[in-house]
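Here the protein sequences line up with chains A and B, keeping their order.
If you read the first sequence in our numbering, its first letter stands for residue 2, the second for the next number, and so on.
If you read the second sequence in our numbering, its first letter stands for residue 2, the second for the next number, and so on.
Each residue gets a CB set at the ideal place from its N, CA and C atoms; glycine is no exception.
Here's the structure we're looking at; comments come further down.
Number of protein chains: 2
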Amino acid sequence: MTEPASSAERPAPTRAQRHTRGPAPTLHDVAREAGVSLATASRVLNGSERKVAESFRERVEAAAAELGYTANVSAQATARGTSPVIALLVADIADPYFGLIASGVARGADEHGLVVTVAITDRDPARKARIVRALRGQRPRGLILAASGTQEPIEADVAHDLAEFSRLGGRVVAFGPGSGVERSIEIDNRSGAEALGRRMAERGYRSAIALGAAEGVWTSDDRLAGFRAGFEASGGAVVRTLRGGFLRESGAESMAAALADGVPTGTLVFAITDVVAIGAMSAIRDAGREIGADIAVCGFDDVPASSDVSPALTTVRVPLSEVGYQAFRATVDADWEQAPLPLDVVVRASTPGVPR
Amino acid sequence: MTEPASSAERPAPTRAQRHTRGPAPTLHDVAREAGVSLATASRVLNGSERKVAESFRERVEAAAAELGYTANVSAQATARGTSPVIALLVADIADPYFGLIASGVARGADEHGLVVTVAITDRDPARKARIVRALRGQRPRGLILAASGTQEPIEADVAHDLAEFSRLGGRVVAFGPGSGVERSIEIDNRSGAEALGRRMAERGYRSAIALGAAEGVWTSDDRLAGFRAGFEASGGAVVRTLRGGFLRESGAESMAAALADGVPTGTLVFAITDVVAIGAMSAIRDAGREIGADIAVCGFDDVPASSDVSPALTTVRVPLSEVGYQAFRATVDADWEQAPLPLDVVVRASTPGVPR
DNA sequence: TCCAAGTGCCCACGAAGAAGA
DNA sequence: CTCTTCTTCGTGGGCACTTGG
């Protein structure tokens with residue numbers, strides 16, 4: 002290689018404008034500069050089975066370096082018929098839940114030299130439908146639907162697009178069950194919540210208020226049902242279920258409403274999400290009540306913030322980043338099988354337990 | 002349109018394999034199906050100034066719908082010479098700081114029908130260099146560097162790639178100063194931290210410990226310098242500066258080290274980031290000390306978690322999502338000027354003040 | 001190793017039809 | 001009724017790259 006040469010002594014200084022304004026150098030430019038054919042240049046610069054003689058390879062590489070050539074990914078994609086991208090659909094990237102998942106996906110993608118594009122649904126089904134449709138145009142290798150869905154018919158058109166998507170060779174991975182989806186990542190929300198419920202009942206709680214999202218949303222339904230099952234099987238009773246969303250504010254509002262109606266000391270609040278639980282905690286505090294001995298709170302996910310609030314939040318640990326990584330693997334591995342995702346109940350100070 | 006028709010009675014059932022396995026329908030297919038030329042189909046389906054007669058337009062649209070056609074973005078990109086993507090480079094997408102920025106970027110991109118691809122540097126300069134280089138191949142419309150950089154020479158190669166990037170027509174937007182960058186988003190870290198320092202001194206603090214990142218990292222340097230300036234101008238003294246990183250753990254470790262050496266009651270801890278501050282808080286608590294009256298803590302950013310920890314964290318509010326949105330605008334607006342980004346000190350319970 | 005035929009799409013141009021004088 | 005002048009569609013070349021022969 003002759004790279005340390007200053008730009009003054011180029012082999013063939015025909016194109017003086019090379020290092021000035023202008024379009025990106027193309028493979029064509031490299032080939033001409035190296036005095037080889039397009040095919041040869043292509044083969045040395047981009048992965049190909051066929052080998053090329055060392056002398057040619059060197060010349061091409063030198064020319065590429067000298068010109069500052071970078072392959073045009075779009076062109077490669079159209080020529081190859083497939084593009085090196087994984088599309089990730091989340092409800093809200095600022096939510097730590099999705100942030101952690103995204104980091105896992107990104108890690109995997111990165112290991113495989115793929116890029117990940119992120120789209121945000123904002124929990125709007127119509128928007129989700131639009132995005133999925135638009136994403137089809139990208140012809141990504143894989144599509145990961147992390148935004149939790151509903152079982153409503155509103156998702157029917159999305160299902161169609163997803164089916165179409167995988168028919169075209171893309172792999173669709175969704176969280177939770179879903180139609181038109183080949184592979185799905187199952188977070189065992191039900192069992193996790195059940196274990197939490199049981200554990201809480203064992204700690205002496207007998208009466209609980211549940212904070213969920215709208216009916217029909219998988220994650221919410223499963224966690225709610227699981228918690229109730231575990232809690233009631235061990236002697237507790239879920240006395241009330243409030244419906245809201247997945248936002249912090251939603252938790253605060255629901256909790257405020259509950260408090261307005263009166264919440265006896267010793268009550269346990271279960272929120273479908275740590276974020277919601279944290280919102281509830283702030284409402285409890287705002288109402289002048291105490292978290293813990295007075296009103297206990299538990300959540301789900303174990304996002305980082307949960308161990309930092311105080312009292313620290315009892316929750317169910319979900320290995321979110323790992324979940325994201327697995328979702329990625331599901332999009333690329335031919336023979337993929339979901340590895341078990343252990344969910345552990347982690348008891349912290351927000352549920353000190355009640356003396357019986 | 003005759004969409005409610007079941008797939009049984011299609012107008013021209015010539016190609017039986019249409020709805021089975023196979024490649025995506027191309028513009029060619031649509032044109033043939035509609036009995037028009039490629040050009041006409043292209044004009045109606047993809048934005049073009051030129052108009053086409055209503056009758057033709059309808060036929061093309063019907064054909065497209067019937068075939069389930071979606072334009073191949075890669076092909077469009079190579080033909081047009083530009084792709085509809087904005088690349089976003091962050092250090093860690095699971096960090097709320099970047100999560101919020103990303104959400105702002107995504108919002109903007111979405112308004113303009115652009116997709117955003119996210120790449121993670123993990124705060125590794127070499128990795129950052131690799132990514133920037135790889136991203137060049139994507140020929141994105143814009144490149145947003147949110148990962149905070151250093152002034153070290155290690156960034157030189159990145160600078161070259163960035164310059165090359167913008168020479169090719171892409172717009173590079175970076176946070177903070179940077180070479181090879183056309184536009185930059187300036188968060189006035191220095192002034193914000195200075196205001197915080199002043200305010201803290203006014204509340205009676207006289208001695209502070211600062212928790213920063215490695216020397217040479219812009220954000221860290223600016224915040225540290227600003228805080229010191231404000232705090233000392235109003236009568237305080239920064240007695241020690243510990244170097245770590247931007248992670249929660251880093252804050253915990255640095256603080257633990259400080260505590261091991263002894264930290265007098267009434268000391269204020271300033272962390273360059275809320276996340277770091279929260280880590281410090283946990284270390285303080287672990288050491289059996291009290292946050293607030295004993296050791297006060299303040300941070301920077303005002304991420305959501307800061308108002309949920311308790312005592313709630315005093316900090317400087319940075320409108321992160323708005324910052325992200327602006328960064329996006331900077332990549333697309335021809336005549337862009339940074340709108341002022343107000344930074345406000347928000348005092349909370351973690352700095353109750355000391356009686357003088 | 002090179003040639004040439006793709007990959008799916010865009011767009012400048014020329015031609016044909018309709019409308020107006 | 002003929003000769004412009006628009007309007008609008010189709011032809012062909014091109015984009016940057018891949019791949020079988």
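- Chain B places no beta carbon closer than 8 Å to that of A:Arg349, leaving this residue out of the contacts.
- Pairing A:Ala120 with B:Val333 gives a Cβ-Cβ distance that is not under 8 Å.
- The straight-line gap separating the alpha-carbon atoms of B:Glu203 and B:Ser235 is approximately 7 Å.
- Between the alpha carbons of A:Pro85 and A:Leu39 lies a distance of about 22 Å.
- In this structure, B:Thr83 is the residue among B:Ala72, B:Thr83, B:Gly69 and B:Thr71 with its C-alpha nearest to the C-alpha of A:Ser75.
- Put simply, the backbone Cα of B:Arg172 is about 34 Å away from that of A:Ser167.
- Among the CB atoms of chain A, one or more fall inside 8 Å of the CB of B:Ser311.
- For the pair of segments examined, the stretch 100-110 of chain A was found not to touch the stretch 308-322 of chain B: the number of CB pairs separated by less than 8 Å stays below three.
- The C-beta distance from B:Phe57 to B:Val31 rounds to 12 Å, too long to meet the 8 Å contact threshold.
- DSSP, reduced to helix, strand and coil, places A:Ser351 outside both helices and strands of the structure shown, so it counts as coil.
- In the DSSP annotation of this structure, the continuous segment of the alpha helix (DSSP H) that includes A:Arg168 starts and ends at Ala157 to Arg168.
- In the structure shown, A:Ala72 falls within a coil segment according to DSSP collapsed to helix, strand and coil.
- Assignment of beta-bridge partners to B:Thr118 by DSSP yields A:Thr118 and B:Ala88.
- For the C-beta of A:Ala306, the chain B residues within less than 7 Å are, from N- to C-terminus, Ala306 and Asp309.
- Here B:Asp287 has no same chain residue with a Cβ atom under 6 Å from its own Cβ, once five neighbours each way along the sequence are excluded.
- Membership of A:Ile145 in the beta strand (DSSP E) is indicated by the continuous run Gly143 to Leu146.
- Among the residues of chain B, those whose CB is under 8 Å from the CB of A:Ile279 are Asp309, following chain order.
- Contact of B:Glu165 with chain A is assigned, a C-beta pair being separated by under 8 Å.
- Taking 8 Å as the threshold, the shortest C-beta distance from A:Val182 to chain B does not fall below it.
- Listed in chain order, the non-local C-beta contacts of A:Leu68 below 8 Å within the same chain comprise Arg19, Pro26, Asp30, Val31 and Glu34, local neighbours out to five positions each way being set aside.
- At a cut-off of 8 Å, the C-beta of B:Val333 has no neighbouring C-beta in chain A.
- According to DSSP, residue pairing for B:Phe271 in a beta bridge involves B:Ala211 and B:Cys299.
- When DSSP states are grouped into helix, strand and coil, B:Val317 belongs to the strand group.
- In the three-state reduction of the DSSP assignment, A:Arg200 falls in the helix class, which pools H, G and I.
- Every unbroken stretch of the beta strand (DSSP E) spanning 3 or more residues and falling wholly within the stretch 229-253 of chain A is given here in chain order: 238-245.
- The continuous stretches of alpha helix (DSSP H) do not include B:Val264, and DSSP gives it neither H nor E.
- Distances from the CA of B:Ala209 to each of B:Asp125, B:Thr352 and B:Ala160 were compared; the closest alpha carbon is that of B:Thr352.
- One thing to note: B:Thr118 has its Cβ within 8 Å of the Cβ of B:Gln139.
- Bridge partners of B:Arg330 according to DSSP: none are assigned.
- B:Ser255 is outside the set of residues whose beta carbon lies under 8 Å from a beta carbon in chain A.
- Sixteen is the threshold: when 16 or more other Cβ atoms of the shown chains lie within 10 Å of the Cβ of A:Ser149, as they do, the residue is buried.
- When CB distances to chain B are screened at a threshold of 9 Å, the residues of the stretch 49-77 of chain A falling below it are Gly69, Thr71, Ala72, Asn73, Val74, Ser75, Ala76 and Gln77, in chain order.
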